[in-house]
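Student:
Residue numbers (this note's numbering), protein chains in the order written: chain A, 38 to 322; chain B, 3 to 316.
1. Among the residues of its own chain, which have a CB less than 6 Å from the CB of residue 138 of chain B, if the five just before and after it don't count?
2. Looking at the structure shown, is residue 78 of chain A part of a helix, part of a strand, or coil, going by DSSP?
3. What does residue 198 of chain B reach in chain A if we use C-beta pairs closer than 7 Å?
4. How would you call residue 316 of chain B, buried or exposed, if buried means at least 16 neighbouring beta carbons within 10 angstroms?
5. May I ask you to list, following chain order, the residues of the segment 247-278 of chain B that have a beta carbon less than 7 Å from some beta carbon of chain A?
6. Are residue 205 of chain B and residue 183 of chain B touching if we call contact CB-CB under 8 Å?
7. Taking the C-alpha atoms as reference points, what is the distance between residue 61 of chain B and residue 156 of chain B?
8. Mind pulling the chain A residues with CB within less than 9 Å of residue 291 of chain B?
9. What does the alpha-carbon distance come out to for the pair residue 137 of chain A and residue 97 of chain B?
10. Please confirm if residue 155 of chain B has its CB atom under 8 Å from at least one CB of chain A.
11. Which of the three DSSP states, helix, strand or coil, is assigned to residue 259 of chain A?
12. Short of 6 Å in beta carbon distance, which residues of its chain neighbour residue 338 of chain A, apart from the five on each side in sequence? Order them along the chain.
13. Excluding five sequence neighbours on each side, which residues of the same chain lie with their C-beta closer than 6 Å to the C-beta of residue 282 of chain A?
14. Hey, quick one: how far does the alpha helix (DSSP H) through residue 124 of chain A stretch, first residue to last?
15. Could you tell me whether any Cβ in chain B is nearer than 8 Å to the Cβ of residue 59 of chain A?
16. If you draw a straight line from the alpha carbon of residue 181 of chain A to that of residue 142 of chain B, how long is it in whole angstroms?
17. Can you name, in chain order, every residue of its own chain whose Cβ lies under 7 Å from the Cβ of residue 273 of chain B, other than the five neighbours on each side?
18. In the segment 106-135 of chain B, which residues sit with their C-beta less than 8 Å from some C-beta in chain A, listed in chain order?
19. Can you grab the Cα-Cα spacing for the pair residue 47 of chain B / residue 158 of chain A, in whole Å?
20. Less than 7 Å between C-beta atoms, sequence neighbours within five positions excluded: which residues of the same chain meet that for residue 261 of chain A?
21. Determine, using beta carbons only, whether residue 178 of chain A and residue 250 of chain A come nearer to each other than 8 Å.
22. Run through DSSP, which three-state label would residue 312 of chain B get?
23. Can you tell me the Cβ-Cβ gap for residue 208 of chain A and residue 217 of chain A, rounded? I've got them flagged as a contact below 8 Å.
24. State yes or no: is the beta carbon of residue 1 of chain B nearer than 8 Å to at least one beta carbon in chain A?
25. Using the three-state DSSP reduction, which class does residue 249 of chain B fall into: helix, strand or coil?
26. Check distances from the C-beta atoms of the segment 234-245 of chain B to those of chain A and list, in chain order, the residues that come in under 9 Å.
27. Just checking my contact of residue 101 of chain A with residue 273 of chain A at CB under 8 Å: how many whole Å lie between their CB atoms?
28. With a CB to CB cut of under 6 Å and the five nearest residues on each side skipped, what residues in its chain are close to residue 232 of chain B?
29. Residue 290 of chain A to residue 39 of chain B, Cα distance in whole Å?
30. Counting only Cβ-Cβ distances shorter than 8 Å, please list the residues of the segment 280-299 of chain A near chain B, keeping chain order.
31. Within 8 Å (strictly less), CB to CB, does residue 304 of chain A reach chain B?
32. Listing by chain order, which chain C residues have their CB less than 9 Å from the CB of residue 132 of chain A?
33. Once DSSP output is grouped into helix, strand and coil, what is the label at residue 102 of chain B?
34. Tell me whether residue 61 of chain B sits in a helix, a strand or coil according to DSSP, three-state version.
35. Given that a residue counts as buried once 16 or more other Cβ atoms are within 10 Å of its Cβ, and exposed if not, what is residue 270 of chain B?
36. Quick check on the burial criterion: 16 or more other C-beta atoms within 10 angstroms. Buried or exposed for residue 40 of chain A?
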């Protein structure tokens, strides 16, 4: 073996090690963040955190019950707006792949997916806050819904394409029209996957702060009204983090721990369902 | 009858799908409408002016545009080698048992909310950066890159947080690209006596269009990132090369000052910054999509995409 060959081998080895090292390097911050946030957050994370209202400065304890309910309401609003529109648009994209409108919508969905969340916040502010001169839960739900939309559109499209062509052929052979074949046969076959996609999209927007800062704002009180400002977990964490008080910092970390737990649960769930779907598809095709 | 039904189906679903187009157009329209006072008053000077003085009614976006571009490019510089390393490892080198868990973990990095990164950045990263800055030797301080007071908050902290945040995005797309490179390419390389790395380099070269697309996708993310950056960059509008200097980004100034904007011109100036950010991210994302689509048309046509929901999450 010549020196040249040895050098080539050494280079190869070195770069393989670099690649492995970069995986480790990326996972170190993940571990550090999870460890630190959870360690800081857990002590403040008792039952009170889920059932009590925020306490004023100086009084220890208290919770984020209103913020958690607020986040759930915002997510409900977002899903109500985005899921029907997203699924129907996805159906259109997969049914009329080559159409000019289809390509335009696909491109628009990708563009929308890349629009910074803060800009979507400005959009929701202009459409739903400015005309009514009031920050509302509805405006926040709109902002989150716009963020969810492209995710649901693309997931629906991709999953519909995975449904075997024989399903459609069978339906059409039985005399079904195209719309009947889609609504009764093809869409139901893809539905578990699409619902997983919806869950993933919900988990994504649940962690959003920027589009809520000037749409749903925040609320120190218990409120479930859609035409009033509403608290959310993320904005509450942000507010507490920026405060100078130790107590509030602890609360912020507890809130962040809840967010992380939610994200982890959703991700694992989505992964589990996706795995099962893959196995199912392999079984049928 | 069936034909009629078919037309109706196409029309009704088409109208709903067109709403996605409408929203994008609506975003552009509201941004322009919401910023016209500022557009009219400052014109192109808005992009080049350094003064940001709400009290005097003077608005220039240069410090924010600079901060956004500088922090994003620094983050890209840090994250690209790492992201490519991850992609190569997961697509080519990883033992089979480790692959899925590692993919899951790197994608988890992308799923952590921005506010959590910000919180961690504020309480952990910033103090670490500060002690690094304090430890910087005096002779290095003369270099513009390392001048300025050791505050902790500033460009370096922002770039580090951004780099961590965008790495999983670029890595996931680059991994898909690598996996779509035909095995015959690598076999040919091995047959000619190539080492493992030489074969991988060939695969990277084969997928270069897509790899660039993947990196640009990360750039698009970095440009628009708001909360984490707002919490660590120091929020001080200045144009400086210094890594230690507290600076400001477009997204951060909107997040901080939008609800405080008392008069119309102030608000319109902030919306115009949003407009600039919107245009910038659209250009970057469109370029990235075009590159990725070119690859998709060429080689990904038959590739399995069974992990659609997870891919959508990333």
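Where a beta carbon is used, it is the ideal one built from N, C-alpha and C, also for glycine.
Tutor: According to the data block:
1. One-based indexing of the second chain puts residue 138 of chain B at position 136. 148.
2. Position 41 of the first chain, counting from 1, holds the residue named residue 78 of chain A. DSSP places residue 78 of chain A in helix when its eight states are reduced to three.
3. Against the second chain, residue 198 of chain B aligns to sequence position 196. Within chain A, the residues near residue 198 of chain B are 49, 53.
4. Against the second chain, residue 316 of chain B aligns to sequence position 314. Low confidence applies to residue 316 of chain B: its pLDDT is 35, below 50, so where it sits in the model is not reliable enough to give any reading.
5. 253, 256, 257, 260, 261, 273, 276
6. As a working note, residue 205 of chain B is residue 203 in the second chain. As a working note, residue 183 of chain B is residue 181 in the second chain. Their beta carbons are under 8 Å apart, which means residue 205 of chain B touches residue 183 of chain B by this criterion.
7. Looking up residue 61 of chain B in the second chain gives position 59. Looking up residue 156 of chain B in the second chain gives position 154. Between residue 61 of chain B and residue 156 of chain B, the C-alpha separation is close to 22 Å.
8. Here residue 291 of chain B is taken as the residue at index 289 of the second chain, counted from 1. Ordered by position in chain A, the residues that pass the 9 Å Cβ test against residue 291 of chain B are 144, 147, 148, 151.
9. Numbered from 1 along the first chain, position 100 holds the residue referred to as residue 137 of chain A. Numbered from 1 along the second chain, position 95 holds the residue referred to as residue 97 of chain B. The straight-line gap from Cα to Cα measures roughly 44 Å.
10. Within the second chain, residue 155 of chain B is the residue found at index 153, counting from 1. Not one chain A Cβ lies under 8 Å of residue 155 of chain B.
11. By one-based count along the first chain, residue 259 of chain A stands at place 222. Correct three-state label for residue 259 of chain A: coil.
12. Because chain A in this structure spans residues 38 to 322, residue 338 of chain A falls outside the shown range and cannot be described.
13. Here residue 282 of chain A corresponds to residue number 245 of the first chain, with the count starting at 1. Excluding positions up to five away in sequence, the list reads 94.
14. Taking the first chain and counting its residues from 1, one reaches residue 124 of chain A at position 87. Unbroken alpha helix (DSSP H) run through residue 124 of chain A: 102-132.
15. To locate residue 59 of chain A, count along the first chain from 1; it is residue 22. Yes, residue 59 of chain A counts as interfacial toward chain B.
16. Locating residue 181 of chain A in the first chain gives position 144, counting from the first residue. Locating residue 142 of chain B in the second chain gives position 140, counting from the first residue. Distance between the alpha carbons of residue 181 of chain A and residue 142 of chain B is about 46 Å.
17. Within the second chain, numbered from 1, the residue matching residue 273 of chain B stands at position 271. 33, 36, 37.
18. 106, 107, 108, 109, 110, 111, 113, 114, 115, 116, 117, 118, 119, 120, 121, 122, 124, 125, 126
19. The count along the second chain starts at 1 and reaches residue 47 of chain B at position 45. The count along the first chain starts at 1 and reaches residue 158 of chain A at position 121. Answer to the nearest angstrom: the Cα atoms are 26 Å apart.
20. Your numbering for residue 261 of chain A matches position 224 in the first chain. So the qualifying residues of the chain are 106, 110.
21. Stepping through the first chain from its first residue, residue 178 of chain A is reached at position 141. Stepping through the first chain from its first residue, residue 250 of chain A is reached at position 213. Their beta carbons are not under 8 Å apart, which means residue 178 of chain A does not touch residue 250 of chain A by this criterion.
22. Your numbering for residue 312 of chain B matches position 310 in the second chain. Because the pLDDT of residue 312 of chain B is 37, which lies under 50, any placement of that residue in the model is unreliable, and the question is left without a value.
23. Here residue 208 of chain A refers to the residue found at position 171 of the first chain. Here residue 217 of chain A refers to the residue found at position 180 of the first chain. Rounded, the Cβ-Cβ distance is 7 Å, consistent with contact.
24. With chain B covering only 3 through 316, there is no way to say anything about residue 1 of chain B.
25. Indexing the second chain from 1 puts residue 249 of chain B at position 247. Three-state DSSP puts residue 249 of chain B in a strand.
26. none
27. Walking along the first chain from the start, residue 101 of chain A turns up at place 64. Walking along the first chain from the start, residue 273 of chain A turns up at place 236. At roughly 6 Å, the Cβ-Cβ gap stays under 8 Å, so residue 101 of chain A and residue 273 of chain A are in contact.
28. Looking up residue 232 of chain B in the second chain gives position 230. Contacts found: 254, 257.
29. For the purposes of this step, residue 290 of chain A is taken as the residue at position 253 of the first chain. For the purposes of this step, residue 39 of chain B is taken as the residue at position 37 of the second chain. The alpha-carbon atoms of residue 290 of chain A and residue 39 of chain B are separated by roughly 41 Å.
30. 286, 289, 290, 293, 296, 297
31. Counting from one through the first chain, the residue named residue 304 of chain A turns up at place 267. Yes, residue 304 of chain A counts as interfacial toward chain B.
32. Absent from the structure is chain C; the protein chains it does hold are A and B.
33. By one-based count along the second chain, residue 102 of chain B stands at place 100. Of the three classes helix, strand and coil, the one that applies to residue 102 of chain B here is helix, per DSSP.
34. For the purposes of this step, residue 61 of chain B is taken as the residue at position 59 of the second chain. DSSP places residue 61 of chain B in strand when its eight states are reduced to three.
35. Residue mapping note: residue 270 of chain B aligns to position 268 of the second chain, counting from 1. So residue 270 of chain B counts as buried.
36. Reading the first chain from its first residue, position 3 is the one you call residue 40 of chain A. Counting Cβ neighbours within 10 Å, residue 40 of chain A comes out exposed, since fewer than 16 surround it.
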